[in-house]
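Working notes, structure below.
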Amino acid sequence: MGFMARKSVGMIIEGSYPYIVGGVASWCQSLIDNLPEIDFKIIAILPEQYKEREIQYKLPDNIIEFKKIWLGSFGDEYTKKKFTFNRKRHKEVVDRFFCCVKSFFNFLKFNNYRTLYELVSFLYPADSSLIDFSDIFTSRNFFNLIKEYYELYFSSVPFIQFFWTIHNIFQPLYKLGTYSIPYADCYHTISTGYAGLVGVLAKLRFNRPLLLTEHGIYVNERRDEIDASDKIRDDLKPVWKIFFKHLCSLTYPFCDRVITLYRNNSLSEIEECCLPGNIEIIPNGINLNLFGNLTLEKRDIVNVGIVARVVPIKDVITFIKASRYVKDKNVNIKFFIIGPTDEDVEYYEKCKALVDELNLQDTVTFTGKVNMKDFYPKIDIMVLTSVREAQPLTLMEAMAIGIPCVSSNVGSCSELLEGVGFITAVKAPEKTAEAILRLAENKDLWLNLSKKSKIRATVNYDWNKIVDEYRRIYKRYSSWQA
Amino acid sequence: MAGIGFALQKLLESKSLAKKFYAFLLATFISSGPWLFSMISLIFINIFSSIFIKVETMIPFRVTIIYVYAISIITSGPVQYLLTKYLADQHYIKKWSNFYPALFTAFIIQGVVSLIFIPLWLYLLSGADIIFKIVTILLYIVITYIWLMMDFLSASKRYLAIVYSFLIGSFLSVSLTILFMVIGKSSSIIISGFFLGQLFILFMLFFFAGRQFPFRMYINKEFLGYFKIYPMYLFIGGAYNLGLWSDKIIMWIVKGERIVFNYRIFDPYDFMIFIAYLSMIPALAFFLLKSETSFFVRYHTFYKSINKERLYVIEENFRRMRFDMYKAIFILSLIQFFSLIIFLVIVNSFDFFKFCSQYSVPLILASSFQVLFLFVLIYMMYFNLIIEATISSFMFFFLNVFLNLFQFIYPIITIGYGYFIATFFSFLFSLVILIYKIKDLIFNVFREQVVE
Numbered sequence: 001m002g003f004m005a006r007k008s009v010g011m012i013i014e015g016s017y018p019y020i021v022g023g024v025a026s027w028c029q030s031l032i033d034n035l036p037e038i039d040f041k042i043i044a045i046l047p048e049q050y051k052e053r054e055i056q057y058k059l060p061d062n063i064i065e066f067k068k069i070w071l072g073s074f075g076d077e078y079t080k081k082k083f084t085f086n087r088k089r090h091k092e093v094v095d096r097f098f099c100c101v102k103s104f105f106n107f108l109k110f111n112n113y114r115t116l117y118e119l120v121s122f123l124y125p126a127d128s129s130l131i132d133f134s135d136i137f138t139s140r141n142f143f144n145l146i147k148e149y150y151e152l153y154f155s156s157v158p159f160i161q162f163f164w165t166i167h168n169i170f171q172p173l174y175k176l177g178t179y180s181i182p183y184a185d186c187y188h189t190i191s192t193g194y195a196g197l198v199g200v201l202a203k204l205r206f207n208r209p210l211l212l213t214e215h216g217i218y219v220n221e222r223r224d225e226i227d228a229s230d231k232i233r234d235d236l237k238p239v240w241k242i243f244f245k246h247l248c249s250l251t252y253p254f255c256d257r258v259i260t261l262y263r264n265n266s267l268s269e270i271e272e273c274c275l276p277g278n279i280e281i282i283p284n285g286i287n288l289n290l291f292g293n294l295t296l297e298k299r300d301i302v303n304v305g306i307v308a309r310v311v312p313i314k315d316v317i318t319f320i321k322a323s324r325y326v327k328d329k330n331v332n333i334k335f336f337i338i339g340p341t342d343e344d345v346e347y348y349e350k351c352k353a354l355v356d357e358l359n360l361q362d363t364v365t366f367t368g369k370v371n372m373k374d375f376y377p378k379i380d381i382m383v384l385t386s387v388r389e390a391q392p393l394t395l396m397e398a399m400a401i402g403i404p405c406v407s408s409n410v411g412s413c414s415e416l417l418e419g420v421g422f423i424t425a426v427k428a429p430e431k432t433a434e435a436i437l438r439l440a441e442n443k444d445l446w447l448n449l450s451k452k453s454k455i456r457a458t459v460n461y462d463w464n465k466i467v468d469e470y471r472r473i474y475k476r477y478s479s480w481q482a
Numbered sequence: 483m484a485g486i487g488f489a490l491q492k493l494l495e496s497k498s499l500a501k502k503f504y505a506f507l508l509a510t511f512i513s514s515g516p517w518l519f520s521m522i523s524l525i526f527i528n529i530f531s532s533i534f535i536k537v538e539t540m541i542p543f544r545v546t547i548i549y550v551y552a553i554s555i556i557t558s559g560p561v562q563y564l565l566t567k568y569l570a571d572q573h574y575i576k577k578w579s580n581f582y583p584a585l586f587t588a589f590i591i592q593g594v595v596s597l598i599f600i601p602l603w604l605y606l607l608s609g610a611d612i613i614f615k616i617v618t619i620l621l622y623i624v625i626t627y628i629w630l631m632m633d634f635l636s637a638s639k640r641y642l643a644i645v646y647s648f649l650i651g652s653f654l655s656v657s658l659t660i661l662f663m664v665i666g667k668s669s670s671i672i673i674s675g676f677f678l679g680q681l682f683i684l685f686m687l688f689f690f691a692g693r694q695f696p697f698r699m700y701i702n703k704e705f706l707g708y709f710k711i712y713p714m715y716l717f718i719g720g721a722y723n724l725g726l727w728s729d730k731i732i733m734w735i736v737k738g739e740r741i742v743f744n745y746r747i748f749d750p751y752d753f754m755i756f757i758a759y760l761s762m763i764p765a766l767a768f769f770l771l772k773s774e775t776s777f778f779v780r781y782h783t784f785y786k787s788i789n790k791e792r793l794y795v796i797e798e799n800f801r802r803m804r805f806d807m808y809k810a811i812f813i814l815s816l817i818q819f820f821s822l823i824i825f826l827v828i829v830n831s832f833d834f835f836k837f838c839s840q841y842s843v844p845l846i847l848a849s850s851f852q853v854l855f856l857f858v859l860i861y862m863m864y865f866n867l868i869i870e871a872t873i874s875s876f877m878f879f880f881l882n883v884f885l886n887l888f889q890f891i892y893p894i895i896t897i898g899y900g901y902f903i904a905t906f907f908s909f910l911f912s913l914v915i916l917i918y919k920i921k922d923l924i925f926n927v928f929r930e931q932v933v934e
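Respectively, the protein sequence lines represent chains H and G. 1 is the number of the first residue of the first sequence in my numbering; add one for each residue after it. 483 is the number of the first residue of the second sequence in my numbering; add one for each residue after it.
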């Protein structure tokens, strides 16, 4: 019997754990909690505004290090002048950085992937610690480069906006390169983007394996945000989109394993040049002990529920409209909107007004935040009308109890419900109503789908099995020898 | 453009030569009015004093006024420059509520600074009676506050308020001084009259300030922060004003005589300086005209375009602004040249100036380059070339001290030429620096945004 040193996993998370309560953060917390035999070193990449926030989770004891990397403005520690005696090396490093910048401008126009590899090779030896912020960002060379490319390709844009676009792209990259990363036996990044870049740097610095789990596809989320933003000029949006596209694509080639939640995600990753052979699908999971043993209550009235925060992304309005269509055909059905109503008060008021307008005061109930364990047994049909989802836990929980589900075709919902539930188009209240009525009025169909849902949830979405998968992966990669 | 700028611009744009001349006259009043009114009041006081009292009785008063103006400008220079910078920034972002509190804070700081110099006054006034000492010290403090009030009203473009205050206040100063002269016939009484007049000027300046800004008396922490963020302005203010007076102080000590108490003066030099400084008036008026009209417009157009225009527009605005500035410096130099010639001719033509005319050439030349140097310094501060302005100010100070001392050790150069060489080289040096540095203005503006 020998002493087995505990293995460590460097978990790299961007803009989430442990400051935000949400899907990804809860997933991280639960995974770490359920792997007490592994030490975790959290590397959290956070925006400056989180400095005022409180940590939302009680950190498990097996988190042995918690490093914060603040993206955003540079404090005094970065703008202070540093002096190095090795002037030749200093010049080499500065010149290399400017090569990266020149290449970046080239790739804006010519889509050259090499650029960010050069950037990575510049950043990973932490050479950036040799040079000052002022060697680059307040230097004449950097300004001239920006000016040169502005005049070539962006001369119709207000100069200051292009100037700051380039600064806002390169400053965080430079900043990331200056941070020391704690050593771990393997690294696990929970997204591409900046977290992915830190993962790549860690891999190159310490020659340890890198894993990636993607919940949503980072580049798609950034693209949607950029499109929706009114703070970025339309003619500068392509700069950001191309930047994020390449930043995200950079992570995949360095990953030893890419884990995603569902098949559609893996197709997006392959499109972003991830090797198909590297991808493994490990879905989300739920605590079957908590939900699998609940029994549905028997009653005469059919209860239809949506478990969601009352916010636009959950499209509660479509649910309310669907309830009107259902009510017109069958009065013995009640509808419950189960979730907090205080996140977007304006939207909540809009939903309430619609309930009044459609005369559904006796049919539709807003429950607010409730204990789901008590509420699930009251629900006969679970509905999800979201306009965007990844892999919703509420559907899995409903399936585990045996509640048949109707969902809009977003994220992994079609994979979740294929053959065991109903899928409709997004924003389709009539189709949603049709599916609800079919389940409500056909007891055999309801029983059949209830049984199948329960089996699927038990077989595929048992959180304990998911944890075992990660245990296997961590054991394999943390023990890897060069 | 605010306030007087509009009025001046309208007059200048008119086709009438008379209106253009009127604009120039107005600018003269505004740029040199306070100083001119003060000088004229002293001249009147001196003339009337010869009727009512003995010459010796006026000496303590006359010399004290010189020393009060010298020491007040040297000791209030640093706070003045920093206050002007702060108020200019607040004016740009239109935060008027910060004006009065900044003034209040400046008053407190300047009050403390002035107290530090009381021992110097006690030394200089050794032998004077207690009333004379008290009134002189109070007069010194009031004059330093008047400088600050002038900065305050200038920053808010209330130039005419300054002119009115000095016009009425100077009249009152003269009247009270003569009245006290008649009643008292002692220097303590005479200086008290003058002091009351200056106090009235201060109150009038306050009155005009109070009409524009809400009266708020609390410490402005943001202005206090400027002492830490922009200490260079303090150095510029200190070095420039010390440099301006160092040749006079050296003359007083080395060539001058102890005239009363511990005062030393060197009359021919002092009088010639006064005449030489009169020759700066046309250039000062023209500079005010330019800075309040076309340069002001181009300057603000350039800085506004930084935040919203395409690069070629920014560059075009920069070129126009730079051209306007070079043109102004050229015209100022021409104006000063003609003024220099006229004054040289006048001073060397009349017997009245015989006792001091040997210093006319170097001192009138020196004052010409002095005013041009001042303009270049102001442009440097407009463009945030603060380190360069500081170096130039210190260079001026050290050159003026060194050359004026040197001429007494190795008399290669005669009196007055030390001052002239100092101002000449300071002007040349700062102009070269300005021309060289302004090429990079656009880069520096963006660089400062990144650093902030």
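Glycine is no exception: its CB is placed at the ideal position from the N, C-alpha and C atoms. These figures come from a predicted structure and were not determined experimentally.
### Message
For A584 (chain G) and T557 (chain G), I'd like the C-alpha separation in whole angstroms.
### Response
Residue numbering aside, residue 584 (chain G) sits at position 102 when the second sequence is read from its first letter. Residue numbering aside, residue 557 (chain G) sits at position 75 when the second sequence is read from its first letter. Going by the C-alpha atoms only, they are around 18 Å apart.
### Message
One question on the structure: do L684 (chain G) and I619 (chain G) come within less than 9 Å of each other, judged by their Cβ atoms?
### Response
Reading the second sequence from its first residue, position 202 is the one you call residue 684 (chain G). Reading the second sequence from its first residue, position 137 is the one you call residue 619 (chain G). Contact: no.
### Query
Does L176 (chain H) get closer than 9 Å to chain G when you measure Cβ to Cβ?
Here residue 176 (chain H) is taken as the residue at index 176 of the first sequence, counted from 1. So, not an interface residue.
#### Entry: For G719 (chain G) and Q562 (chain G), believed in contact at Cβ under 8 Å, the rounded distance
Here residue 562 (chain G) refers to the residue found at position 80 of the second sequence. Here residue 719 (chain G) refers to the residue found at position 237 of the second sequence. 6 Å between Cβ atoms; contact.
### Task
Using 10 angstroms around the beta-carbon of S229 (chain H), count the other beta-carbons present and answer buried if the total reaches 16, otherwise exposed.
Here the question's residue 229 (chain H) lines up with position 229 in the first sequence. With fewer than 16 Cβ atoms within 10 Å of its Cβ, S229 (chain H) is classed as exposed.
### Message
Let me check understanding here. Comparing Cα to Cα, which of G:K809, G:I763, G:Y759, G:L716 lies closest to A871 (chain G)?
### Response
Within the second sequence, residue 871 (chain G) is the residue found at index 389, counting from 1. Checking every option, the nearest Cα to that of A871 (chain G) belongs to G:L716.
### Query
Should S531 (chain G) go down as buried or exposed, given a rule of 16 or more other Cβ atoms within 10 Å for buried?
By 1-based counting over the second sequence, the position of residue 531 (chain G) is 49. Result: buried.
### Query
Between the C-alpha atoms of M733 (chain G) and Y751 (chain G), what's the straight-line distance to the nearest angstrom?
Within the second sequence, the letter at position 251 stands for residue 733 (chain G). Within the second sequence, the letter at position 269 stands for residue 751 (chain G). Per the coordinates, the alpha-carbon of M733 (chain G) lies some 8 Å from the alpha-carbon of Y751 (chain G).
### Message
To test your reading of the DSSP string, which unbroken beta strand (DSSP E) runs of 3 or more residues are found completely within the stretch 380-437 of chain H?
### Response
381-384, 405-408, 422-424
### Query
Does the beta-carbon distance from Y745 (chain G) to Y504 (chain G) come in below 9 Å?
As a position in the second sequence, residue 745 (chain G) is number 263, starting the count at 1. As a position in the second sequence, residue 504 (chain G) is number 22, starting the count at 1. No. Outside cutoff.
### Query
Does the beta-carbon of S249 (chain H) have 16 or more other beta-carbons within 10 angstroms, so that it is buried, or is it exposed?
By 1-based counting over the first sequence, the position of residue 249 (chain H) is 249. With 16 or more Cβ atoms within 10 Å of its Cβ, S249 (chain H) is classed as buried.
### Query
If contact means a Cβ-Cβ distance below 7 Å, which residues of the stretch 776-792 of chain G contact chain H?
I788, N789, K790, E791, R792
### Message
Output needed for F3 (chain H): all residues of its chain with C-beta closer than 6 Å, excluding positions within five of it in sequence on either side, in chain order.
### Response
Along the first sequence, read from residue 1 onward, the residue named residue 3 (chain H) stands at position 3. Since pLDDT at F3 (chain H) reaches only 46, below the 50 mark, its modelled position is unreliable, and the value read off the structure follows with that caveat. Correct list: empty, nothing qualifies.
### Message
Does the stretch 525-541 of chain G come into contact with the stretch 598-618 of chain G, if we say contact requires no fewer than three beta-carbon pairs (one atom in each stretch) closer than 8 Å?
### Response
no
### Message
Using a Cβ-Cβ cutoff of 7 Å, what residues of the stretch 208-231 of chain H are near chain G? List them in chain order.
### Response
none
### Task
Pull up the distance between the alpha-carbon of L384 (chain H) and that of Y19 (chain H), whole angstroms please.
One-based indexing of the first sequence puts residue 384 (chain H) at position 384. One-based indexing of the first sequence puts residue 19 (chain H) at position 19. Approximately 27 Å between the Cα atoms of the pair.
### Message
In chain order, what are the residue ranges of uninterrupted alpha helix (DSSP H) at least 4 long that sit wholly in the stretch 183-215 of chain H?
### Response
193-206
### Message
For a cutoff of 9 Å on Cβ pairs, would you count Y150 (chain H) as touching chain G?
### Response
Residue numbering aside, residue 150 (chain H) sits at position 150 when the first sequence is read from its first letter. Yes, Y150 (chain H) counts as interfacial toward chain G.
### Message
Does S8 (chain H) come out as helix, strand or coil in the three-state DSSP assignment?
### Response
Numbered from its first residue, the first sequence carries residue 8 (chain H) at position 8. Here S8 (chain H) sits in strand by DSSP.
### Where A501 (chain H) sits in the DSSP three-state scheme
Because chain H in this structure spans residues 1 to 482, residue 501 (chain H) falls outside the shown range and cannot be described.
### Query
Counting pairs of beta carbons, one from the stretch 301-312 of chain H and one from the stretch 325-344 of chain H, are three or more of them closer than 8 Å?
yes
### Task
Give the interface partners of P158 (chain H) over in chain G, defined as CB-CB distance under 7 Å, in chain order.
Within the first sequence, the letter at position 158 stands for residue 158 (chain H). Neighbours of P158 (chain H) on chain G, chain order: K790, E791, R792.
### Query
Just how far apart, CA to CA, sit K241 (chain H) and R223 (chain H)?
One-based indexing of the first sequence puts residue 241 (chain H) at position 241. One-based indexing of the first sequence puts residue 223 (chain H) at position 223. Rounded to the nearest angstrom, the two C-alpha atoms are 6 Å apart.
### Query
Which ranges would you report for the alpha helix (DSSP H) in the stretch 766-835 of chain G if only whole runs of at least 4 residues count?
776-788, 793-829
### Query
For the candidate residues G:G692, G:I644, G:S874, whose alpha-carbon lies nearest to that of T510 (chain G)?
Your numbering for residue 510 (chain G) matches position 28 in the second sequence. Checked all of G:G692, G:I644, G:S874; the closest Cα to T510 (chain G) is G:I644.
### Query
With DSSP run on the structure shown, which of helix, strand or coil describes W480 (chain H)?
Counting from 1 along the first sequence, the entry for residue 480 (chain H) is found at position 480. Of the three classes helix, strand and coil, the one that applies to W480 (chain H) here is coil, per DSSP.
### Query
Can you check whether the CB of F506 (chain G) is closer than 9 Å to the CB of F777 (chain G)?
Counting from 1 along the second sequence, the entry for residue 777 (chain G) is found at position 295. Counting from 1 along the second sequence, the entry for residue 506 (chain G) is found at position 24. Taking 9 Å as the Cβ cut-off, F777 (chain G) and F506 (chain G) do not qualify as a contacting pair.
### Query
For chain G, is any of its Cβ atoms less than 9 Å away from the one on K67 (chain H)?
Locating residue 67 (chain H) in the first sequence gives position 67, where the first residue counts as 1. No, because no Cβ of chain G sits closer than 9 Å to the Cβ of K67 (chain H).
### Task
Just mark E501 (chain H) as buried or exposed, buried being the case when its beta carbon has 16 or more other beta carbons within 10 Å.
Given a span of 1 to 482 for chain H in the structure shown, any question on residue 501 (chain H) remains unanswerable.
#### Entry: Beta-carbon contacts of A552 (chain G) that lie in its chain and below 8 Å, excluding the five residues immediately before and after
Position 70 of the second sequence, counted from the first residue, corresponds to residue 552 (chain G). A distance below 8 Å between beta-carbons, with the five flanking residues on each side excluded, links A552 (chain G) to the following residues of its chain, in chain order: W727, K730, I731.
### Query
Within this structure, are the beta carbons of I64 (chain H) and D33 (chain H) separated by less than 9 Å?
The residue given as residue 64 (chain H) occupies position 64 in the first sequence. The residue given as residue 33 (chain H) occupies position 33 in the first sequence. Result no, Cβ atoms of I64 (chain H) and D33 (chain H) do not sit closer than 9 Å.
#### Entry: Sub-9 Å separation of H215 (chain H) and L261 (chain H) beta-carbons
Residue numbering aside, residue 215 (chain H) sits at position 215 when the first sequence is read from its first letter. Residue numbering aside, residue 261 (chain H) sits at position 261 when the first sequence is read from its first letter. Contact flag set, yes.
### Message
Given this structure, state the Cα-to-Cα distance separating F648 (chain G) from S520 (chain G), to the nearest angstrom.
### Response
Locating residue 648 (chain G) in the second sequence gives position 166, where the first residue counts as 1. Locating residue 520 (chain G) in the second sequence gives position 38, where the first residue counts as 1. Straight-line spacing of the CA atoms in F648 (chain G) and S520 (chain G) works out to 8 Å.
### Query
If you drop the 5 nearest sequence neighbours on each side, which residues of the same chain put their C-beta closer than 8 Å to that of F805 (chain G)?
Taking the first residue of the second sequence as 1, we reach residue 805 (chain G) at position 323. Excluding positions up to five away in sequence, the list is empty.
### Message
Just to check my reading of the structure: Y194 (chain H) and L46 (chain H) have Cβ atoms closer than 8 Å, yes? What is that Cβ distance to the nearest angstrom?
### Response
Counting from one through the first sequence, the residue named residue 194 (chain H) turns up at place 194. Counting from one through the first sequence, the residue named residue 46 (chain H) turns up at place 46. About 10 Å; that fails the 8 Å criterion.
### Beta-carbon contacts of L569 (chain G) that lie in its chain and below 8 Å, excluding the five residues immediately before and after
Position 87 of the second sequence holds residue 569 (chain G). So the list reads F581, A584, D633, F634, A637, S638, once near-sequence residues are dropped.
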